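Below is one structure, written out as structure tokens; the observations come after it.
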Amino acid sequence: MRSASLFAGRRALISALAATLVLFSAGCGGGEKPAGGPEAGAPPKAADTIVIGEYGSMTGAEATFGQGTHEGVMLALEEINAAGGVLGKQVVVKDYDTQGKTQEAGTAVTRLITDDKVVAIVGEVASSLSIAGGRVAQQMGVPMVSPASTNPQVTQIGDMIFRVCFIDPFQGYVMATFAKDTLGSKKVAILYDQASAYSKGLKDDFVKAFTAGGGVISAEAAYTAGDQDYSAQLTTIRDGAPDAIFIPGYYTDVGNIAIQVKKLGINAKLLGGDGWDSPKLAEIGGTAIEGGYYSNHYAVEEARPEVAEFVKKYQARYGRVPDGMGALGYDATRLLVDAIGRAGSTDGKAIAKALAETKDFPGVTGSITIDAERNAQKSAVVLEMKGGKPVYVATVKPPGAADAAPPAAPVAAEGGAVPAPNAPAPTEAAPAKGAPPAGPGKAGKSGAP
Amino acid sequence: MTRLLQTLLDGVAVGSLYALIALGYTMVYGILRFINFAHSDVFMLGAWVSWALAMALGYSGVGAEIPWFAPALVLVGSMAACGLLGFLIERLAYRRLRSAPRINVLITAIGVSLLIENTGQLPALFGTQPQRMPALVPDLNLATLAGVNLPLVDVLVIGVSVGLMLGLEFLVHRTRLGLAMRAVSYDTRTAALMGIPVDRVISFTFVVGSALAAAAGFLNAAKYPGLNQAAHPTWILLGLKAFVAAVVGGIGNLRGAMAGGLLIGLVELFGAAYLSPHLRDVYVFVLLIVVLLVRPEGLLGKAVKEKV
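Quick note, the sequences are listed as chains A and B, same order. Numbering-wise (our numbering), the first sequence opens with residue 0 and increments by one. Numbering-wise (our numbering), the second sequence opens with residue -14 and increments by one.
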């Protein structure tokens, strides 16, 4: 009975601890808040409108992802509706806020499908959330187009899940090639978010591509999204004296990490992926993020006419320059509505079939062709943070692809699998299917060294 | 050596923040025997009020002129605002539950916590996105020792924390008000019979605890300028670690909270640097479990027979 009396004596404390847990989980769970009712017009009537769903992080640490995407979606819908809609009906969107929380994503998609009876869904940006939401969409047979989730697992969920962006094996390859060939880095340290599918996947792909090219990974350290103190990880990284640090995280954490990198006196270039793409990156990171490089889906300065036109329209509508998420949200919505038109019906299977057949769809972020794995084969751009703004540096095409726009300043690609713009076109006419960086072995002999 | 010194510096800086927050938990527990779960939110507000004050005073942006007294001004402003909030929380939410079962107060505390978090996210207040705290403290490196930088901000964090803790020691052990606080903590009813204004003493305890949490919030914002939005779980996690510090040190014991805070900070940082950064939160909570099993009254606490 001794333990029992001990327990009784500490009852207050134990109940306090239990309550702490409740509090903590309540804080994490939050409570879902619908970000807004159906927009773009009057309350939807089933007869004369088509309702599509959108879920994204309108608030929280990744808020600009959801907001940027949403602005792109709304811009696309305004244009589509002004041009008469699709199948003779106007298209409206119903959207829910995920607050950047994985557990909210499944709930949001369930609500979209069961309560709002959407015919298709656009979302999410963060891969972990797209995986959670995508499972629900797949199970309920509603097609989903992710604008910006780059982790391969997202579309591996099933035949209802598509994306309009490239995938991480390619993105990791782009940054590894860039670090090695353009920056001349030999030793790179890595700091990744262990709770994010995107960050873990991109880290693995970068490491694979970088070490395959003869580079050395000096240290691999992890953090958890929302952490404040990175000094322990960065001290470890500093010991290895790397040329560069690859941080495949989201912008809020990256900004905080950059500040501490500088404070610890680490003299290494910072590299990252499309998770950096937010106006908030420079706001939070300040001068510490200057000179960092990241891969992205498009650059405002690109010379393609689609880009110039989109940037002009977006600026006229919202009064600011669109980030990559705005462009992808715009592309995802236009592709989805186009597929509904081609399917000639709002049946989930028919829309999915039309999406799967997409070929050379002219998107702002590049020409979109959906491959057998329901991914888009596209080029990536590398941007540099300069004066608080991302500035275009280079375009990298997927290995084996020949259709991307000519880059203004190509990444040095000698010996790499990236064809330079005026190099002879690769022999394969069709874009390589499957994972591009693993691709060299499979898609062409000009594999990475 | 470099690594050891660096980890030590970071551990002490982080630990002194935990200690400042832990003091608020432990003071309230010492007097009212309940855990004020809204305390981590007062800490969060301390950081955000500092941000709001700095923005309102025009300290943000490139080329903004930041006078030397700016950090002190913002610190005091934030402490005053949160002290007032602490007073209001006690007056409006907890006082009428003084004689209610303890679980009612606990649940009320959780309610207050959620209210503060979600109110803080209103667009008119701090919004739903992370913000950058203006750099009030100049980005100076005071010394470099064996390859370890000693930034001004870390010195400030440790210095202000130690100063406030010494001030609290003085207040509690050398003033009449401190005597009254100790008396109320020892036996509330007898203290009331001796003519001590118990309600006022309790209010004062909340004000002091909240002001200390606000100071921790300001220092936290100075050290980690990317502020997470008000309802971000990070704030609760930080508060939770400070609560662990209070329990490890011996809840209800001021020096215990200070020692516990430092210990938690060092355990977390050394674990992350020398074992694995993947499990940094785990070390803290394992320490809590070990202390509760081996010495449930905490390192400096006294075992108290509780009437059940």
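Each residue gets a CB set at the ideal place from its N, CA and C atoms; glycine is no exception. All values derive from a computational prediction rather than experimental measurement.
- Of the candidates B/266, B/151, B/40, the residue whose Cα lies closest to the Cα of residue 226 of chain B is B/266.
- Counting along the chain, residue 103 of chain B sits inside the alpha helix (DSSP H) bounded by residues 87 to 105.
- Non-local C-beta neighbours of residue 246 of chain B in its own chain, meaning closer than 6 Å and more than five positions away in sequence, comprise 0, 3, 4, 7, 230, ordered along the chain.
- Each of A/286, A/118, A/73, A/174 was checked against the Cα of residue 49 of chain A, and the nearest Cα belongs to A/118.
- Straight-line measurement puts the Cα of residue 334 of chain A at about 43 Å from the Cα of residue 206 of chain B.
- Against chain A, the CB of residue -5 of chain B has a partner CB under 8 Å away; the residue lies at that interface.
- In the DSSP assignment, residue 209 of chain B falls outside any alpha helix (DSSP H), carrying neither H nor E.
- By the criterion of a C-beta distance shorter than 7 Å, residue 215 of chain A is surrounded in its chain by 185, 186, once the five residues flanking it on both sides are discounted.
- When rounded, the separation of the alpha-carbon atoms in residue 100 of chain B and residue 214 of chain B is 14 Å.
- Under the criterion of beta carbons closer than 8 Å, residue 108 of chain A and residue 132 of chain A qualify as touching, at roughly 4 Å.
- Only 18, 19, 20, 22 from the segment 5 to 38 of chain B bring a Cβ to less than 8 Å from some Cβ of chain A.
- The criterion of a C-beta distance shorter than 8 Å is not satisfied by residue 290 of chain A and residue 71 of chain A.
- At a cut-off of 8 Å between C-beta atoms, residue 279 of chain A counts as an interface residue with respect to chain B.
- By alpha-carbon distance to residue 397 of chain A, the top candidate from A/192, A/242, A/176 is A/176.
- Boundaries of the alpha helix (DSSP H) around residue 218 of chain B: 218 to 234.
- At a cut-off of 8 Å, the C-beta of residue 106 of chain A has no neighbouring C-beta in chain B.
- Taking residue 191 of chain B as reference, the option from B/178, B/61, B/12, B/29 with the minimal CA-CA separation is B/12.
- Relative to residue 101 of chain A, the option among A/83, A/79, A/227, A/125 whose CA is nearest is A/125.
- DSSP, reduced to helix, strand and coil, places residue 209 of chain A within a helical segment of the structure shown.
- Residue -13 of chain B and residue 141 of chain B have their C-alpha atoms roughly 21 Å apart.
- Note on the segment 340 to 405 of chain A: whole beta strand (DSSP E) runs with a minimum of 3 residues are 360 to 362, 365 to 367, 379 to 385, 388 to 395, in chain order.
- Taking C-beta atoms as the reference points, residue 60 of chain A and residue 115 of chain B count as a pair closer than 8 Å.
- In the DSSP assignment, the residues bridged to residue 48 of chain A are A/89.
- Per DSSP, residue 35 of chain B is one residue of the alpha helix (DSSP H) stretching across 24 to 41.
- Beta-bridge analysis with DSSP links residue 189 of chain A to A/219, A/245.
- In the DSSP assignment, residue 116 of chain B forms a beta bridge with B/212.
- Not a single CB atom of chain A sits nearer than 8 Å to the CB of residue 3 of chain B.
- Residues of chain B with a Cβ closer than 7 Å to the Cβ of residue 282 of chain A are, in chain order, 117.
- The DSSP-derived three-state label of residue 54 of chain A is strand.
- As computed with DSSP, residue 128 of chain B is found in a beta bridge with B/135.
- Between residue -5 of chain B and residue 212 of chain B, the CB-CB gap reaches or exceeds 8 Å.
- Contact annotation: residue 241 of chain B and residue 234 of chain B have beta-carbon atoms nearer than 8 Å.
- Here the alpha carbon of residue 141 of chain A sits roughly 50 Å from the alpha carbon of residue 73 of chain B.
- One Cα belongs to residue 58 of chain B, the other to residue 198 of chain A, and the distance between them is close to 40 Å.
- Annotation note: the segment 141 to 191 of chain A contains the following uninterrupted beta strand (DSSP E) runs of length 3 or greater, listed N- to C-terminal: 143 to 145, 160 to 162.
- Taking each of A/379, A/338, A/297 in turn and checking the Cα distance to residue 84 of chain A, the smallest one comes out for A/338.
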